[in-house]
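For the sequence shown, full-length UniProt numbering gives the first residue as 1, with consecutive numbering after it.
Report on one structure; see the data block that follows.
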Amino acid sequence: MAAPGENLRINSDRLWDSLMDMAKIGPGIAGGNNRQTLTDEDGEGRKLFQSWCEAAGLTMGVDEMGTMFFRREGTDPNALPVYVGSHLDTQPTGGKYDGVLGVLGGLEIIRSLDDLGIRTKHPIVVTNWTNEEGTRFVPAMLASGVFAGMLEQDWAYDRTDAKGKRFGDELVRIGWKGEEPVGARKMKAFFELHIEQGPILEDEGIDIGVVTHGQGLKWLQVTLTGKESHTGSTPMPKRRNAGLGMARVTELVHEIAMDYQPDAVGAIGHMDVYPNSRNIIAGRCVFTVDIRSPDKEVLDEMDARIRDGIATICETLEISAAVEQVGHFDPVAFDETCVKAVRDAADRLGYSHRNIVSGAGHDACWINRVAPTAMIFCPCVDGLSHNEAEEISKEWASAGCDVLFHAVVETAEIVS
Ligand code: HGY
Ligand code: MN
Ligand code: MN
Numbered sequence: 001m002a003a004p005g006e007n008l009r010i011n012s013d014r015l016w017d018s019l020m021d022m023a024k025i026g027p028g029i030a031g032g033n034n035r036q037t038l039t040d041e042d043g044e045g046r047k048l049f050q051s052w053c054e055a056a057g058l059t060m061g062v063d064e065m066g067t068m069f070f071r072r073e074g075t076d077p078n079a080l081p082v083y084v085g086s087h088l089d090t091q092p093t094g095g096k097y098d099g100v101l102g103v104l105g106g107l108e109i110i111r112s113l114d115d116l117g118i119r120t121k122h123p124i125v126v127t128n129w130t131n132e133e134g135t136r137f138v139p140a141m142l143a144s145g146v147f148a149g150m151l152e153q154d155w156a157y158d159r160t161d162a163k164g165k166r167f168g169d170e171l172v173r174i175g176w177k178g179e180e181p182v183g184a185r186k187m188k189a190f191f192e193l194h195i196e197q198g199p200i201l202e203d204e205g206i207d208i209g210v211v212t213h214g215q216g217l218k219w220l221q222v223t224l225t226g227k228e229s230h231t232g233s234t235p236m237p238k239r240r241n242a243g244l245g246m247a248r249v250t251e252l253v254h255e256i257a258m259d260y261q262p263d264a265v266g267a268i269g270h271m272d273v274y275p276n277s278r279n280i281i282a283g284r285c286v287f288t289v290d291i292r293s294p295d296k297e298v299l300d301e302m303d304a305r306i307r308d309g310i311a312t313i314c315e316t317l318e319i320s321a322a323v324e325q326v327g328h329f330d331p332v333a334f335d336e337t338c339v340k341a342v343r344d345a346a347d348r349l350g351y352s353h354r355n356i357v358s359g360a361g362h363d364a365c366w367i368n369r370v371a372p373t374a375m376i377f378c379p380c381v382d383g384l385s386h387n388e389a390e391e392i393s394k395e396w397a398s399a400g401c402d403v404l405f406h407a408v409v410e411t412a413e414i415v416s
């Protein structure tokens, strides 16, 4: 394929302005965003994105999971489109760039192609995947998982949030349940630009992460059941303390992850205690174990050791446990041709780059199962993400988007 011209660059100011305008929707309390999936704020962000895409002459399609597709025609309408995108939903205390950079970076490519009057053979489709974060409705990467045929749509519709609201009902409520069957769309390739969400690129002073792999992930939802009783009058030997159990499992997960350094990670970020009263021994605790590793065998071994450890803790404390796997994908190796297009683009544009494995999960990890897929990382300040203080520089955003531009246009084949 003919590589795009040296001079192809996106409009850095316009990209940055669009990021700042989107960040005004669902503002957090500390400078970031709270635009959780299928909330009114998510609906507002979707409408703004739709208005920008339609102003750029794109035609919208929405599938039954609410994922948004905006198509720029190619010269060959039958050629498989090149997809580009990420997610607009955020964590409850999320940053302005996680996911959003990849969606608005895709739109910036379209806007730049129009500025330059460039046509491509293959259509290009900009995508906003529903519920990448998985914080309001578990699991993460829900819509892309259904699209890839790895998660059942009805099961997805029945996922409920902490207030018992159903995913399927909320999708209808905000008016974004589309008509398209999920997964019907076929892709020539999918590219996702994302912030690294880790410290490597910034620490090494490197502009671009050429993402070769994504680590595997397991989310285990654990329910520990003890017995509510008075914190003052219940003798210590008679207590069945689910809260103590959760504390010991938290330590266990950390210790097991530390056994597989430097790559494995493990933590518990979601914890609910019932009845959560200051003077009642916790009768029930519900929490989610998040373990990850680039090595499938390690991930499975950690899973087994954690389940065994929970059983031992329950026996000692005379409490019971239920463990449900609510999220999982195996480690991912991205498509070599697409990864090469990313690496060659960084070279051509003169940006420093290095291979990198993604610590976070992304929609690309699922889409890689149904289409050739690759990711591009840009650095983020202190490697911080899933924190309202998440920050990137305009230069990093532009460099990442320039590389995305070249990789997408090379794959979509410039015609004129
Ligand atoms: O959990 C993840 O890795 C992603 O940020 N949803
Ligand atoms: Mn993300
Ligand atoms: Mn995220």
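The beta carbon of each residue, even a glycine, is placed where N, CA and C say it ideally should be.
None of the values given here were measured: they were computed from a predicted structure.
Residue j beta carbon less than 9 Å from that of residue i
| i | j | result |
| --- | --- | --- |
| Leu220 | Ile291 | yes |
| Asn387 | Gly178 | no |
| Lys227 | Arg248 | no |
| Ala345 | His406 | yes |
| Thr67 | Trp129 | yes |
| Thr37 | Tyr83 | no |
| His362 | Glu132 | yes |
| Asn399 | Ala374 | At residue 399 the sequence reads Ala, which differs from the Asn that was named. Result no, Cβ atoms of Ala399 and Ala374 do not sit closer than 9 Å. |
| Gly245 | Leu317 | yes |
| Gly198 | Gly309 | no |
| Gly57 | Arg72 | yes |
| Tyr97 | Ala389 | no |
| Leu113 | Val103 | no |
| Gly74 | Val409 | no |
| Ala282 | Ala321 | no |
| Thr312 | Ile174 | no |
| Thr225 | Ile319 | yes |
Alpha carbon of residue i to alpha carbon of residue j, nearest angstrom
| i | j | result |
| --- | --- | --- |
| Asp154 | Arg185 | 19 Å |
| Ile195 | Ile306 | 31 Å |
| Ala79 | Thr120 | 10 Å |
| Ile25 | Glu41 | 6 Å |
| Met1 | Ser12 | Confidence at Met1 is low in this model, with a pLDDT of 43, below 50, so the placement of that residue is unreliable and no value is reported for it. |
| Gly209 | Cys53 | 27 Å |
| Asp272 | Ala162 | 10 Å |
| Glu202 | Val265 | 20 Å |
| Val323 | Glu251 | 17 Å |
| Tyr157 | Ser144 | 14 Å |
| Leu349 | Asp402 | 8 Å |
| Asn355 | Ser385 | 20 Å |
| residue 420 | Pro235 | The structure shown does not extend to residue 420, since the chain is modelled only from 1 to 416, so the question has no answer here. |
| Asp295 | Ala267 | 17 Å |
| Phe377 | Lys394 | 14 Å |
| Ala55 | Gly105 | 16 Å |
| Cys110 | Asp17 | Cys is not the amino acid found at residue 110; the sequence shown has Ile there. The straight-line gap from Cα to Cα measures roughly 16 Å. |
| Met229 | Gly164 | First, the residue type needs correcting, since residue 229 is Ser and not Met in the sequence shown. Near 27 Å, if we compare the C-alpha coordinates of Gly164 and Ser229. |
| Asp263 | Ser293 | 6 Å |
| Leu19 | Gly149 | 31 Å |
| Phe69 | Val298 | 37 Å |
| Met141 | Phe167 | 13 Å |
| Asp300 | His328 | 11 Å |
| Gly214 | Trp366 | 10 Å |
| Asp207 | Glu336 | 20 Å |
| Cys285 | Pro275 | 9 Å |
| Ala412 | Glu204 | 32 Å |
| Leu101 | Thr90 | 12 Å |
| Leu116 | Ile200 | 35 Å |
| Gly99 | Asn7 | 27 Å |
| Lys218 | Leu151 | 14 Å |
| Glu315 | Lys238 | 14 Å |
Whole-angstrom C-beta distance between residue j and residue i, which should lie under 8 Å
| i | j | result |
| --- | --- | --- |
| Ile216 | Asp330 | Note that residue 216 is Gly in the sequence shown, not Ile. 5 Å between Cβ atoms; contact. |
| Phe190 | Ala364 | 6 Å |
| residue 436 | Glu108 | In the structure displayed, the chain extends from 1 to 416; residue 436 sits before or after that span and is not available. |
| Lys188 | His270 | Going by Cβ atoms, the distance from Lys188 to His270 rounds to 38 Å, so no, they are not a contact pair. |
| Val125 | Arg159 | Actually they do not touch by this definition, with Cβ atoms about 26 Å apart. |
| Cys338 | Pro372 | 5 Å |
| Val222 | Val326 | At roughly 10 Å, the Cβ-Cβ gap does not stay under 8 Å, so Val222 and Val326 are not in contact. |
| Thr135 | Pro77 | Not quite, the Cβ-Cβ distance comes to about 39 Å (not below 8 Å), so this is no contact. |
Could you tell me which uninterrupted alpha helix (DSSP H) segments, each at least 4 residues in length, are contained entirely in the region 121–152, listed from first to last along the chain?
Secondary structure remark: continuous alpha helix (DSSP H) runs of at least 4 residues inside the region 121–152, in chain order: 142–147.
Scan the UniProt domain "Peptidase M20 dimerisation" (215–312) and note each continuous beta strand (DSSP E) run of 3 residues or more that stays entirely inside, going in chain order.
216–225, 265–274, 284–293
Any beta strand (DSSP E) of 3 or more consecutive residues that is wholly inside the region 161–215
If one requires a minimum length of 3 residues, the beta strand (DSSP E) runs lying completely within the region 161–215 are 189–195, 208–214, in chain order.
Can you check the region 337–390 for any beta strand (DSSP E) of at least 3 residues that lies completely inside it and give the ranges in chain order?
For the region 337–390, the continuous beta strand (DSSP E) assignments of 3+ residues that do not extend past its boundaries occur at 353–358, 373–378, in sequence order.
For the region 35–96, which segments carrying the alpha helix (DSSP H) assignment without a break, of at least 4 residues, lie completely within its bounds, in sequence order?
40–55
When you get a sec, list the residues whose CB is within less than 5 Å of any heavy atom of ligand 2, chain order please.
Residue list for ligand 2: Asp98, Gly99 (CB closer than 5 Å to any heavy atom, chain order).
Chain-ordered residues, beta carbon under 6 Å from a heavy atom of ligand 1:
Glu132, Glu133, Gly134, Ala140, Ala360, Gly361
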